[in-house]
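Quick note on UniProt numbering: the sequence shown kicks off at 1 and runs consecutively. Ideal Cβ placement from N, Cα and C applies to all residues, glycine included. Here is the structure we will look at.
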Amino acid sequence: MNRTGLLVSDFVLSFMRVWAGVLIKIFVGRKLGLDHEILKAAFSILNSFLFAFLARITNGGAYNPLHVLVPAISGDFANFIYCISARIPVQVSFLLLLL
C-alpha cells in the first residue's frame, strides 16, 4: 500500500475505533437496558479482534499511535520522519474535527 493509502487507513481506523467504544456503551447501556461490565467487556474484546482484522486487511493501518511509533524508532530515518510528521498527526487529527 502506498503512503497516502496508509494515511487514509490510519485516519479511518482511528475514527472507527473511538466511535466503536462509544457505540458499545450506548448499545449495552441504553438499548439493552443493562449496565453489566461483563457484557461491555465481551463487546470490547470482540471489538479488539475486529480492529486487528482491519489492520491486517489495510496492510499496516493502525489506530494507536504507539503501534506506529515503535517501528518508526527501530526503522530507518526516512520512515521515522514519515511516521512522526504524517502518520501520528493523522491518527489524532479527527479529535480536532470533533472539537
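Problem set entry | Spatial distance of Ile26 from Thr4 (CA atoms) | Their backbone Cα atoms lie some 33 Å apart in a straight line.
For this session: Go ahead and pull the three-state DSSP assignment for Asp76.
Result: Coil.
Problem set entry | Straight-line Cα distance separating Phe53 from Leu46 | The straight-line gap separating the alpha-carbon atoms of Leu46 and Phe53 is approximately 11 Å.
Problem set entry | Integer-rounded CB distance, given that Leu96 should sit under 8 Å from Gly61 | About 20 Å; that fails the 8 Å criterion.
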